[in-house]
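Following the numbering used here, the numbering of the sequence shown begins with 168 at its first residue and continues without gaps.
Note that CB positions come from ideal geometry on N, CA and C, so glycine has one too.
Because the structure is a prediction, the values reported are computed rather than measured.
Below is one structure; the comments refer to it alone.
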Amino acid sequence: MSTLPPPPAMEDWLFYTLTALLCLLCSVLLRARARSSSGAKGHAAGDELPPLPPGPSPLPVLGPLLFLARRDFDFEPVLRRIAWEHGPVFTYAPLGRALPGIFVASRGAAHRALVQRGAAFASRPPVTASSAVLTSGGRNISSAPYGATWRALRRNLAAGVLNPARLRAFSPARRWVLGVLASRVRAGAGAAGERPVAVMEPFQYAMFCLLVYMCFGDRVEDARVRDIEATQRELLGSFLSFQVFSFLPALTKVVFRRRWEKLLSLRRRQEELFLPLVQARRDVGADGDCYVDSMLKLAIPEDGGRVLNDGEIVSLCSEFLGAGTDTTATALQWILANLVKYPAMQDRLRDEVAGVVGAADGEVREEDLQAMPYLKAVVLEGLRRHPPGHYLLPHAVHEDTTLDGYRVPAGAPINFAVVDMGLDVEVWDAPSEFRPERFLPGGEGEDVDLTGSKEIKMMPFGAGRRVCPGMALALLHLEYFVANLVREFEWREADGEEVDLTEKLEFTVVMKRPLKARAVPLRSPPPALAAA
168 MSTLPPPPAM
178 EDWLFYTLTA
188 LLCLLCSVLL
198 RARARSSSGA
208 KGHAAGDELP
218 PLPPGPSPLP
228 VLGPLLFLAR
238 RDFDFEPVLR
248 RIAWEHGPVF
258 TYAPLGRALP
268 GIFVASRGAA
278 HRALVQRGAA
288 FASRPPVTAS
298 SAVLTSGGRN
308 ISSAPYGATW
318 RALRRNLAAG
328 VLNPARLRAF
338 SPARRWVLGV
348 LASRVRAGAG
358 AAGERPVAVM
368 EPFQYAMFCL
378 LVYMCFGDRV
388 EDARVRDIEA
398 TQRELLGSFL
408 SFQVFSFLPA
418 LTKVVFRRRW
428 EKLLSLRRRQ
438 EELFLPLVQA
448 RRDVGADGDC
458 YVDSMLKLAI
468 PEDGGRVLND
478 GEIVSLCSEF
488 LGAGTDTTAT
498 ALQWILANLV
508 KYPAMQDRLR
518 DEVAGVVGAA
528 DGEVREEDLQ
538 AMPYLKAVVL
548 EGLRRHPPGH
558 YLLPHAVHED
568 TTLDGYRVPA
578 GAPINFAVVD
588 MGLDVEVWDA
598 PSEFRPERFL
608 PGGEGEDVDL
618 TGSKEIKMMP
628 FGAGRRVCPG
638 MALALLHLEY
648 FVANLVREFE
658 WREADGEEVD
668 LTEKLEFTVV
678 MKRPLKARAV
688 PLRSPPPALA
698 AA
């Protein structure tokens, strides 16, 4: 049998050929633009604008552009090499993009931009061709430019379904989903925990059940949840491959026609799944606590106070589900993987839980979490060491400005390296090691502020005006499910399944070898969980 790899798809060969032919033309145009930019004058006569941050010339980065045709290309090593050569604030200007990308891997520079000058750096770059399809042209919280519409959308989410009182109202739903999760783990593990469990599948399903309930206000039948999960997973799994449309979109939409058609098909599938659930909320009067109910009553200030259209509601629902499920499930898997790899930490956490909850049958209640400092330290260490996203969504400025003496052009994507903030040796002792103790009294992370208001030491949820509005919800979910999972089960390495913490870039940064572990039941399921 032949061991040769399959030949590249015809569309890939065509892309390589056309890109090579365009290389000379693009390089000439970019060099002309660079000369024009370097000679541009400031507002005061005779004053030259400061230079862009240092970075490689466009020609050496043609290779990474070609590799974007591959669906599995990991670009982070390229960016790390550029940062090593040019410093923590650098420019990357790939061929085919009108504006260069600015990258920031410095805690100080990130704080100066996101916090000290938060309003100036709070916008977003123009949406790409693929993003325009999925966000209704930039009409969701993640991609909308800084302004009245963005504020209205964000305020609606923060004051509505993410309001602390509303979050407490969803407590019964979390208990229900905990039961769903525990029962699926038990079914996969066997009565004595003899079978290894691939944990990501039950984690993702449980998170989808919970977020679908919070979004649409009711328990959706299992088949519909599965359909929604499958569509969202396929969309997120294709996220990197769709980034090819960021470059020369008029060309790439033709060259990668099947990929473009797949994107449009997934969007139609979202609408087919979500809109009947949205209409059901309209029919009952939209007077509940769920996210859709709040959107049906929202007015858009920049468009004469109109209501959201169906496409925009679908985009916002998709954003809510994606942000609340995949990132949380990914973080949960990373935390549990470390607890399996380091059983002494797992034992210490279980002892803390037992000391607070006692031996009585019953799950850890949400009000118990505040008395568990080691639990909080484990969760924070998981987010520091394994942030689900290694970069924030790109920021932008409305008009040309400067950062640390360098020019930042209006509309250029500004990328902040989350992972580098959490691995800075100036803050963290042995930053590559998993040490929850660093967040306990006396540790270097004892007083860490996740919003970065005073200082950025880590920023898994971003910082400044665009800090994630779901931060409190994510921390609640991680603490609640981690505490209950270690109370219900002892998690052990399975034979032949040693924990491998190697990373892989998908929509989030996941485990290259997803965690499989034995989940040994420690007690009979409490009645509330057994009935779920």
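Would you identify the three-state DSSP class for residue i, choosing helix, strand or coil?
| i | result |
| --- | --- |
| E361 | coil |
| E593 | coil |
| L570 | strand |
| G268 | strand |
| P576 | coil |
| R386 | coil |
| P603 | helix |
| V524 | helix |
| G489 | helix |
| A287 | coil |
| A211 | Bear in mind that the predicted position of A211 carries a pLDDT of just 43, short of 50, making it unreliable; the figure below should be weighed with that in mind. Reduced to three states, the DSSP call for A211 is coil. |
| R680 | coil |
| L781 | Past the edges of the chain, shown from 168 to 699, lies residue 781, and the structure says nothing about it. |
| P292 | coil |
| R473 | strand |
| L191 | Because L191 sits at a pLDDT of 47, beneath the cut-off of 50, its placement in the model cannot be relied upon, and the point is left open. |
| N307 | coil |
| V256 | strand |
| K543 | helix |
| V701 | Outside the shown range of the chain, which is 168 to 699, sits residue 701, and nothing can be said about it. |
| L345 | helix |
| N582 | strand |
| L672 | strand |
| R424 | helix |
| I623 | coil |
| F656 | strand |
| A325 | helix |
| A661 | strand |
| A466 | strand |
| G702 | With the chain covering only 168 through 699, there is no way to say anything about residue 702. |
| S273 | coil |
Would you report the Cα separation of residue i and residue j, rounded to the nearest angstrom?
| i | j | result |
| --- | --- | --- |
| E388 | L506 | 33 Å |
| L640 | L334 | 8 Å |
| G489 | E215 | 44 Å |
| I623 | Q446 | 43 Å |
| A343 | A373 | The residue you asked about is not Ala; residue 343 is Trp in the sequence shown. Their backbone Cα atoms lie some 9 Å apart in a straight line. |
| L617 | E657 | 30 Å |
| L570 | E593 | 21 Å |
| E428 | A276 | 40 Å |
| L516 | G663 | 26 Å |
| D591 | V366 | 31 Å |
| A211 | H278 | Caution applies to A211, whose pLDDT of 43 falls short of 50 and renders its modelled position unreliable; the model cannot decide the point. |
| G572 | R435 | 46 Å |
| Y259 | E534 | 47 Å |
| E519 | D450 | 47 Å |
| R473 | L463 | 11 Å |
| G478 | A417 | 24 Å |
| P681 | P369 | 13 Å |
| I765 | G285 | With the chain covering only 168 through 699, there is no way to say anything about residue 765. |
| G230 | P267 | Here G230 scores only 47 on pLDDT, less than 50, and its place in the model should not be relied on; the value that follows carries that caveat. Going by the C-alpha atoms only, they are around 17 Å apart. |
| L281 | R353 | 45 Å |
| E439 | S224 | 45 Å |
If residue i sits next to residue j, beta carbons under 8 Å apart, how far is it from one beta carbon to the other, in whole angstroms?
| i | j | result |
| --- | --- | --- |
| V615 | M625 | 6 Å |
| V676 | P555 | 6 Å |
| V364 | K683 | 7 Å |
| E548 | F628 | Incorrect: roughly 15 Å between the Cβ atoms, too far for contact. |
| V545 | P603 | 5 Å |
Between the Cα of residue i and the Cα atoms of the options, which residue gives the shortest distance?
| i | options | result |
| --- | --- | --- |
| R400 | L682, E673 and K679 | E673 |
| P468 | C382, L503, R321 and H278 | R321 |
| P339 | G589, V531 and E368 | V531 |
| V586 | A272, P244 and P223 | A272 |
| L402 | V422, F370, S432 and F423 | S432 |
| I269 | G578, G619, L415 and P681 | G578 |
| G327 | L348, T492, F487 and V524 | F487 |
| L483 | E252, I308, D596 and W251 | I308 |
| P221 | V245, E243 and H253 | H253 |
| A287 | E646, R659 and R632 | R632 |
| L430 | E566, P218, K508 and T295 | T295 |
For chain C, is any of its Cβ atoms less than 8 Å away from the one on residue i?
| i | result |
| --- | --- |
| A315 | The displayed structure is made up of one protein chain only, and chain C is not part of it. |
(request) Kindly confirm or deny that the region 287-302 and the region 554-572 touch, where touching means at least three C-beta pairs closer than 8 Å. (result) yes
(request) Determine contact between the region 536-549 and the region 679-688, defined as no fewer than three beta-carbon pairs at a distance below 8 Å. (result) no
(message) Under 8 Å: do the region 643-658 and the region 492-505 share three or more Cβ pairs, one atom per stretch?
(response) yes
(message) Count Cβ pairs between the region 375-386 and the region 455-467 that sit closer than 8 Å; are there 3 or more?
(response) yes
(message) If contact is defined by three or more beta carbon pairs under 8 Å, each pair taking one atom from either stretch, is the region 598-616 in contact with the region 296-313?
(response) no
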